[in-house]
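A short worksheet on the structure shown next.
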Amino acid sequence: MTDGDDGLSESTVSPYQEVLDALSSLITKRSRGDKSNKRVLFDVLFDYLKMLDLDEPISKMKIIHVAGTKGKINPE
């Protein structure tokens with residue numbers, strides 16, 4: 001911020017940068033509280049898929065997994 005000729009403060013930051021700064025302030029760096037081994041749960045899931053004869057049909061599916069939290073609303 002700089003002082004103008006009339007003594008009022010003028011912003012040297014563009015409105016675009018102000019919006020980026022505001023949005024960036026909403027990003028949290030929280031970590032998952034559950035540190036358990038998820039691999040065991042996946043192994044159980046794969047065992048069930050095999051028992052139900054679904055492992056082959058699922059392996060033929062074209063799947064894209066999108067992960068992350070940016071843009072998602074937290075229901076807390």
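Residue 1 is where the sequence shown starts when you use full-length UniProt numbering, and the numbers rise one by one after that. Idealized CB from N, CA, C, for every residue including glycine. Everything numeric in this text was worked out from a predicted model, so none of it was measured.
In the three-state DSSP reduction, S59 falls in the helix class (H, G or I). V44: member of the alpha helix (DSSP H) spanning K38 to M51, first to last residue. The beta carbons of I58 and L49 sit about 6 Å from each other, so the pair counts as a contact at 8 Å. Closest in alpha carbon position to G68, among V19, L20 and I27, is I27. Annotation: L54 to L23 spans about 43 Å, alpha carbon to alpha carbon.
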